[in-house]
Every structure is written in C-alpha cells, then in structure tokens.
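J.: So the sequence shown is numbered by my numbering: it starts at 69 and just counts up by one.
Cβ coordinates follow ideal geometry from the N, Cα and C atoms, glycine included.
Before I ask anything, here is the structure I am working with.
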Amino acid sequence: MPLLVSRWGKCDLRIIATLIDLETGEGISLHNLMPGLREVIVASGIENGFVTVTSQHTTTAIAINEDEERLREDVKRFLTRLIPPEDRYFHNDIAARDCPPDEPENAHSHLAAMLLGGSEVIPLTNGELVLGQYQSVMLYELDGPRRRKVGVQVVGE
Numbered sequence: 069m070p071l072l073v074s075r076w077g078k079c080d081l082r083i084i085a086t087l088i089d090l091e092t093g094e095g096i097s098l099h100n101l102m103p104g105l106r107e108v109i110v111a112s113g114i115e116n117g118f119v120t121v122t123s124q125h126t127t128t129a130i131a132i133n134e135d136e137e138r139l140r141e142d143v144k145r146f147l148t149r150l151i152p153p154e155d156r157y158f159h160n161d162i163a164a165r166d167c168p169p170d171e172p173e174n175a176h177s178h179l180a181a182m183l184l185g186g187s188e189v190i191p192l193t194n195g196e197l198v199l200g201q202y203q204s205v206m207l208y209e210l211d212g213p214r215r216r217k218v219g220v221q222v223v224g225e
C-alpha cells in the first residue's frame, strides 16, 4: 500500500455544517441517509476530506449498514429481544423523575442508542463517500414516530 504524504503549504480547508430533517416511523425504524448526504456533499463543493454524521437525539443512532428490507426487520427484532421494551427500567419510573407527565417510557430506546452509537465519520474522496458496495449511512429511530435532525459536517477541500 503506498504511503500517503501530506503536503505542506497553503491548504484550502473548508467546513460546511448543516442538518438533515426527517420524519421517522413507528417504534424502531431505519432510514437511509445517503440521498440527503449526497445532496449536502454536492452543495458543499468539497471534493476530498471527511463527513461527520451525528444524531441530535438520545433515542436515535447513526450506523453504517446495508439498507435491505429483510435486514431492517432483523435489526428491529434483534434490538427488541436484546433490550425488551416491557422490562423494568429505572428511567421508566416517570413518577420518580422530574419530567412532564406525558414523558414516554423509553429507557430501552436510550440503551439501544448507546450500544449502536451516535455518529460516524466517513472519508470523502473525489466527491464520493468512501463506503463499501452495500454500505449506507443509516439513522436508527428507536422511539418513533418523531421529527428528527441529523447533523452533517463536511470538512475538506
């Protein structure tokens, strides 16, 4: 593998930050962010660098995976078995917390988000995200339906 050497001197580093806004589905749902990310990258004019994608919510996650219908269903089933919504969680004791009375019992969603992670950093080369053939950047909704925001930052030149 060839060694990549940084050049010294003038660098036209730019940083473009924006949000992708979307409506999510019921319960656990997966949403492919690739169309919105491609749009942001093109608008940024940045060809080489990296893109950070960050969840703006504690009950959503960002992860790279395949966007395939059966796999989306497998993910829902797996997370529900791993962290059953009906189990007892301290966070779900709404009466013991200082929160609005209509606060959802969603401890399972927070735990799943913690396991999946809240962000991804993806290299950008020649205006394209460097991902494998079947990889997509996905938003994992864990407590929907809701209106969600995903932070996107394109850094490079």
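Going by the CB atoms, is the gap between residue 123 and residue 84 shorter than 7 Å?
T.: Taking 7 Å as the Cβ cut-off, residue 84 and residue 123 do not qualify as a contacting pair.
J.: Taking the straight line between their C-alpha atoms, what separation do you get for residue 149 and residue 211?
T.: Taking the straight line from one Cα to the other gives about 15 Å.
J.: Is the distance from the Cβ of residue 108 to the Cβ of residue 205 below 7 Å?
T.: The answer is no: Cβ separation not under 7 Å.
J.: What are the boundary residues of the alpha helix (DSSP H) that includes residue 212?
T.: It is not in any alpha helix (DSSP H) - residue 212 instead sits in the beta strand (DSSP E) that spans 204-212.
J.: Can residue 189 and residue 120 be called in contact, C-beta distance under 7 Å?
T.: Yes, the Cβ-Cβ distance between residue 189 and residue 120 is below 7 Å.
J.: Taking 7 Å as the cut-off, decide whether the C-beta atoms of residue 129 and residue 181 are in contact.
T.: Taking 7 Å as the Cβ cut-off, residue 129 and residue 181 qualify as a contacting pair.
J.: Please return the same chain residues whose Cβ sits closer than 6 Å to the Cβ of residue 117, not counting the five positions on each side in sequence.
T.: Answer for residue 117: 192, 223, 224, listed in chain order.
J.: Going by other Cβ atoms of all chains shown within 10 Å of its Cβ, with 16 needed for buried, is residue 162 buried or exposed?
T.: So residue 162 counts as exposed.
J.: Go through its chain and collect everything with a Cβ distance to residue 159's Cβ below 7 Å, but skip five positions before and after it.
T.: Result list for residue 159: 175, 178, in chain order.
J.: For residue 97 and residue 131, I'd like the C-alpha separation in whole angstroms.
T.: Cα-Cα distance, rounded: 13 Å.
J.: Helix, strand or coil for residue 219? Go by DSSP, reduced to three states.
T.: DSSP places residue 219 in strand when its eight states are reduced to three.
J.: Going by DSSP, name the residue or residues bridged to residue 125.
T.: Residue 125 pairs with nothing; no bridge assigned.
J.: For the beta strand (DSSP E) containing residue 190, name the first residue and the last one.
T.: Per DSSP, residue 190 belongs to the beta strand (DSSP E) from 187-193.
J.: If I measure Cβ to Cβ from residue 134 and keep anything under 6 Å in the same chain, skipping five residues before and after, which residues do I get?
T.: Cβ within range, chain order: 202.
J.: Taking 7 Å as the threshold (C-beta atoms), are residue 87 and residue 217 in contact?
T.: Yes; because the gap between Cβ atoms is below 7 Å, this pair is in contact.
J.: Is it buried or exposed, residue 209, if we count other Cβ atoms within 10 angstroms and call 16 or more buried?
T.: Flag for residue 209 reads buried.
J.: Quick check for students: name the residue ranges of the beta strand (DSSP E) that lie wholly in the stretch 120-176, counting only runs of 3 or more.
T.: You should have 128-133.
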